[in-house]
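**Student:** This is the structure, below, for whatever I ask next.
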Amino acid sequence: MERRAVRLRITGIVQGVGYRWWAERQAQDLSLDGWVRNCPDGSVELLAIGDEIALERMIDACRGGPPDATVQLVQTLAADDDGTVGFASRA
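Structure follows, in C-alpha cells:
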C-alpha cells in the first residue's frame, strides 16, 4: 500500500478548544502517521501520512473539527513523508 503525505493548515477558532487532542484521536482511528501542532498565528498545522482513503477522511473530518471549534478554512498542501511512525501532538 502506497503512503502519501499531506500537510493541513487549519484556521478559525482552533486553539484552546481541544482541536489537537481531537485530531490526534481521529488520525489514530484512521491508522495515520504524522503529527499536529499549534502555530503562533493561531492556526493548527497537521501532517498526515497514510493511504489515500484515510487521508481524505481525515481532511473531511478536519473541516468540522471538535464541537467547540469553528473551522474557517482547511488548506491542503502536498508534503513529503518524513518517516513519522504513529500520530502525536507536538508543542
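Note that the sequence shown ends on residue 97 in this note's numbering; no numbers are left out. Heads up, the beta-carbon is just placed ideally off N, CA and C, and yes, glycines get one too. This one's a predicted model, so the numbers in the text were calculated from it and none came from an experiment.
Measure the Cβ-Cβ separation of D39 and G56 and say whether it is below 8 Å.
**Tutor:** yes
**Student:** Leaving out five residues before and five after N44 in sequence, what residues of the same chain have Cβ atoms less than 7 Å from its Cβ?
**Tutor:** Contacts found: Q21, R26 and V50.
**Student:** Provide the residue span of the beta strand (DSSP E) that contains G40, from first to last.
**Tutor:** First-last of the beta strand (DSSP E) with G40: D39 to N44.
**Student:** What are the boundary residues of the beta strand (DSSP E) that E51 is part of?
**Tutor:** V50 to G56
**Student:** With a CB to CB cut of under 6 Å and the five nearest residues on each side skipped, what residues in its chain are close to R96?
**Tutor:** W41 and R43
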